[in-house]
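Student:
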Amino acid sequence: MGGRPLPRQAPGPAACRPLREPGTPRRRPVLRRPRGHGGGQTPLRSAPPPCGRPWSWSRGSRGRVRGRGANLFDHLKLGIVRPRLLVDVTGLPLDRVEVLPDGGVRIGATVRNSDLAAHPEVRERYPVVSQALLAGAPPQLRNMATLAGNLMQRTRCPYFLNPDTPCNKREPGSGCAAVHPSDLAVALCAVNAVVCVRGDTGARRIPVTALYRRPGDRPELDTVLEHGELVTAVELPAPAMAARSRYRKVGDRAAFSFALVSVAVAVDTDGDRVRDARIAFGGLATTPWRARRAEAVLRGEPATADRFAAGALEELATARTVRANAYRVALACDTLVATLCALCEEG
Ligand SMILES: Cc1cc2nc3c(=O)[nH]c(=O)nc-3n(C[C@H](O)[C@H](O)[C@H](O)COP(=O)(O)OP(=O)(O)OC[C@H]3O[C@@H](n4cnc5c(N)ncnc54)[C@H](O)[C@@H]3O)c2cc1C
Ligand code: SF4
23 MGGRPLPRQA PGPAACRPLR EPGTPRRRPV LRRPRGHGGG QTPLRSAPPP
73 CGRPWSWSRG SRGRVRGRGA NLFDHLKLGI VRPRLLVDVT GLPLDRVEVL
123 PDGGVRIGAT VRNSDLAAHP EVRERYPVVS QALLAGAPPQ LRNMATLAGN
173 LMQRTRCPYF LNPDTPCNKR EPGSGCAAVH PSDLAVALCA VNAVVCVRGD
223 TGARRIPVTA LYRRPGDRPE LDTVLEHGEL VTAVELPAPA MAARSRYRKV
273 GDRAAFSFAL VSVAVAVDTD GDRVRDARIA FGGLATTPWR ARRAEAVLRG
323 EPATADRFAA GALEELATAR TVRANAYRVA LACDTLVATL CALCEEG
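This is how it looks when you write it as structure tokens:
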């Protein structure tokens, strides 16, 4: 017979099903609880914080704050978090960037990452912050993700993101070695930023270097925030040297890739000597790593590659590695030296 061959008929469900021996009992269908919020028992609500008392939403609730959901919605879909209520803070008046009377800048918690990266004050006076944002998530995500959501995003450890594998961060246990994923947090460490938070019991200010917790025996807690506390803003102090600053990120790819190593530096020179420097590493530890030992080594020293390398080695001498990640120490050292050399050469 000529003509086109008929497409092979796909086997229907009956063809895939094993035949039942006559006389064997029919199996009962297994009912699986759907993954995701609360096993589907109560529908998940999304609501703005209560009018007039936006800081007391969490009392007695199993609520969770949501920014624009770029990180949180993945966790809901995977069933990693199961809140009863999502509190949408994007309607609060926290979407402004203001220059403060002392010359610093206050950034509202819901300012979008792309707006912040493009803000003229930030680009000119805190280039390290703008560069870290642009080195981060792809443009579509930056266009929606919030400042607070970026700082509060959770680890990308593949075991954490796979509900079928054990993980101390998901099911509280002891210890965790997952690195913190935020590029912005590393840059904020190098400009001595302060995170403003507010909760039921009032407002407080936390230096960004003290925001993140080491895992210890509570690895499920990433930050020092209490349940129900909101990040309301981040303040950047008047830029003593942040105007001469840079962020450099090394990853598997230039886009869609979290840092293998990143470096944020701000430097002040006097002729060919370093007057002061601020350095932070990303991709190396469970929290952004402020490199105070390296800063001390560089202060007052010639701005040369040798001295920069000496500072990096002094700092990273405390790093504890295993075979699979030991290369990151050398990578961090080289990245720091290259970044400082480039910044100092620019004058
Ligand atoms: C494909 C992809 C690539 C990415 N690459 C990078 C990258 O290279 N570098 C990088 O730094 N980031 C990267 N990200 C992360 C991205 O920047 C974050 O997912 C995003 O910033 C989260 O912002 P959001 O407003 O959507 O937060 P949400 O997802 O809504 O919230 C994230 C977390 O913050 C908490 N939260 C939100 N707002 C507040 C608040 N005001 N107070 C207290 N807690 C709050 C939420 O409860 C939640 O736990 C990437 C994300 C994706 C999906
Ligand atoms: S405890 Fe930390 S390192 Fe271990 S699987 Fe969980 S997130 Fe990853």
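Per the numbering used here, residue 23 is the first one in the sequence shown, and the count goes up by one each step. Glycine included, C-beta positions come from ideal geometry on N, C-alpha and C. Every value quoted in this text rests on a predicted model; they were computed, and no experiment measured them.
Can you grab the Cα-Cα spacing for the pair A154 / D356, in whole Å?
Tutor: 19 Å
Student: Have a look at R147 and C211 and give me their C-alpha separation to the nearest angstrom.
Tutor: 15 Å
Student: What number of angstroms, rounded off, separates the C-alpha of G224 from the C-alpha of E367?
Tutor: 46 Å
Student: Is C363 near ligand 2, with its Cβ less than 7 Å from a heavy atom?
Tutor: No, since every heavy atom of ligand 2 falls outside the 7 Å radius drawn around the Cβ of C363.
Student: Please report the residue range of the beta strand (DSSP E) in which P229 lies.
Tutor: Run containing P229: G224 to P229, per the beta strand (DSSP E) assignment.
Student: Applying the criterion that 16 or more other CB atoms from any shown protein chain within 10 Å of the CB defines a buried residue, is L358 buried or exposed?
Tutor: buried
Student: Considering only the beta carbon of each residue, do R350 and L306 sit closer than 8 Å?
Tutor: Yes, these two residues count as a Cβ contact at 8 Å.
Student: Could you name the residues of the same chain whose beta carbon sits closer than 8 Å to that of R192, not counting the 5 residues immediately before and after it, in chain order?
Tutor: I102, F182, P185 and E242
Student: Could you tell me which of P180, F303, P324 and A281 sits nearest to R297, measuring between CA atoms?
Tutor: The shortest CA-to-CA distance from R297 to any of P180, F303, P324 and A281 is the one to P324.
Student: Please return the same chain residues whose Cβ sits closer than 6 Å to the Cβ of I228, not counting the five positions on each side in sequence.
Tutor: V217
Student: By the 10 Å Cβ neighbour count, where 16 or more other Cβ atoms means buried, how is V219 classified, buried or exposed?
Tutor: buried
Student: Output the distance between the C-alpha atoms of C363 and T326, rounded to the nearest integer angstrom.
Tutor: 7 Å
Student: What beta strand (DSSP E) runs, 3 residues minimum, are completely inside the stretch 255-300?
Tutor: 267-272 and 283-292
Student: Please state if the CB of A354 and the CB of L338 are separated by a distance shorter than 8 Å.
Tutor: Note that the C-beta distance between L338 and A354 is below 8 Å.
Student: Alpha carbons only, please: which of R329, G304, L365 and L94 is nearest the one belonging to A200?
Tutor: The residue from R329, G304, L365 and L94 with its alpha-carbon nearest to that of A200 is G304.
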